[in-house]
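Report on the following structure.
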DNA sequence: AGTATATACTTGTATTATACAAGTGGAAAG
DNA sequence: CTTTCCACTTGTATAATACAAGTATATACT
């Protein structure tokens, strides 16, 4: 990789976080803020097999942070905590029907926003950008 | 742009913010946290022509937020506030020599981190990713 | 000219997402 | 059967943010 590319990526990443943060953090989209959205997505993705510990590992967040976020989701009725039958300390988090609806609704809203931003992009650019983002995110995981 | 690309980008963006936030927000790199780094960069970039208002517009942050961040930078001696000669309410923010050194030092550290993450990427991927990020960030600005 | 409104900035206060530390109760290992 | 480890919760502190109120200057409108 050329130095120039690294310079560009480094700077644009810093800018991007700023933009995305102001887009999604202090203005929650629908019923879910960014953290709750991601957590709910991941709980749905893992489909009842993930507990607080596993999710905090996946997101590289402190377990206490995820514990609180999960409690918030449970309060709203979007997930339930199911005691692990073999390990009395652990729970698995399962998305409820309501949680699934909320997640879909939110995902759709976010996709609409993204779609509007990308309205003038070509198919090739969009495809390429998506794949590179996916690869970049995957790269983080390898590092830890 | 195809629906599938939008779906991918939407999800990967959410994940990316999580990753970058945990990388840069609660663990400041060197002497500067992410907000301070970006602000200092932008002050250097605008080279003594930007005030708090202009910067808060550029970052889509509340003016009070930028005011505090600028005050923090000033306290550390990284910038100085120069009264605008024609408008008694306004200041322009100028980077000091020390500020410039700190910025360079920080930028280099960040580039090293980014370089390590991207170590296995090809020149083409890196180039393409950088350009797409730049384009994406530019897209945000058009929208406002 | 004088008053009303708008603007650039600062400061006060509240919220939110996070980390770290301490506590609880169960699991695993010696 | 005791010690250590682990999953999770709860207490507390911090940082970045927004919103609201305040100050001083600038601009616009009689």
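Protein chains in written order, with the UniProt record's numbering: chain A, 1 to 144; chain B, 1 to 144.
Note that the Cβ used here is the ideal one computed from N, Cα and C, for glycine as well.
Predicted model only: the values in this text are computed from it and were never measured.
Inset, instruction - Identify, in the order they occur along the chain, each residue of the same chain with its Cβ nearer than 6 Å to the Cβ of residue 37 (chain B), setting aside the five sequence neighbours on each side. - result: 106
Inset, instruction - Tell me whether residue 60 (chain B) sits in a helix, a strand or coil according to DSSP, three-state version. - result: coil
Legend entry - Identity of the residue in A:15, A:2, A:3, A:1 nearest residue 135 (chain B) by Cα: Minimum Cα distance to residue 135 (chain B) is reached at A:15.
Inset, instruction - Could you pull out every unbroken alpha helix (DSSP H) segment of at least 4 residues lying fully inside the UniProt domain "HTH marR-type" (6 to 138) of chain B, listed in chain order? - result: 34 to 46, 52 to 59, 63 to 75, 97 to 117
Legend entry - Selected residue, minimal CA-CA separation from residue 97 (chain A), among A:137, A:78, A:68: A:78
Inset, instruction - Count the C-beta pairs between the region 64 to 78 of chain A and the region 36 to 50 of chain A that are closer than 8 Å, then say yes if the count reaches three, no if not. - result: yes
Legend entry - CA-to-CA distance, residue 138 (chain A) to residue 60 (chain A), given in whole angstroms: 13 Å
Inset, instruction - Report the rounded CA-to-CA distance for residue 86 (chain B) versus residue 129 (chain B), giving the unit in angstroms. - result: Their Cα atoms are separated by approximately 43 Å.
Legend entry - residue 37 (chain A): contacting residues in chain B (beta-carbon distance under 8 Å): 14
Inset, instruction - Keeping to the same chain, check which residues put their C-beta closer than 7 Å to that of residue 63 (chain A); ignore five residues upstream and five downstream. - result: 52, 53, 56
Legend entry - Sequence-distant residues of the same chain with beta carbon closer than 6 Å to residue 35 (chain A), five excluded per side: Result list for residue 35 (chain A): 69, in chain order.
Legend entry - Beta-carbon spacing of residue 20 (chain A), residue 119 (chain B) below 7 Å: no
Inset, instruction - Kindly indicate which residue of B:46, B:114, B:108 has the alpha-carbon position closest to the one of residue 31 (chain B). - result: B:108
Legend entry - Burial state of residue 122 (chain B) (16 or more Cβ within 10 Å): exposed
Legend entry - Cutoff 7 Å: residue 67 (chain B) Cβ touching any chain A Cβ: no
Inset, instruction - Measure from the alpha carbon of residue 43 (chain A) to the alpha carbon of each residue in A:93, A:125, A:5, A:73, then state which is nearest. - result: A:93
Inset, instruction - Taking the CB atoms as reference points, tell me whether residue 111 (chain B) and residue 29 (chain A) lie closer together than 7 Å. - result: no
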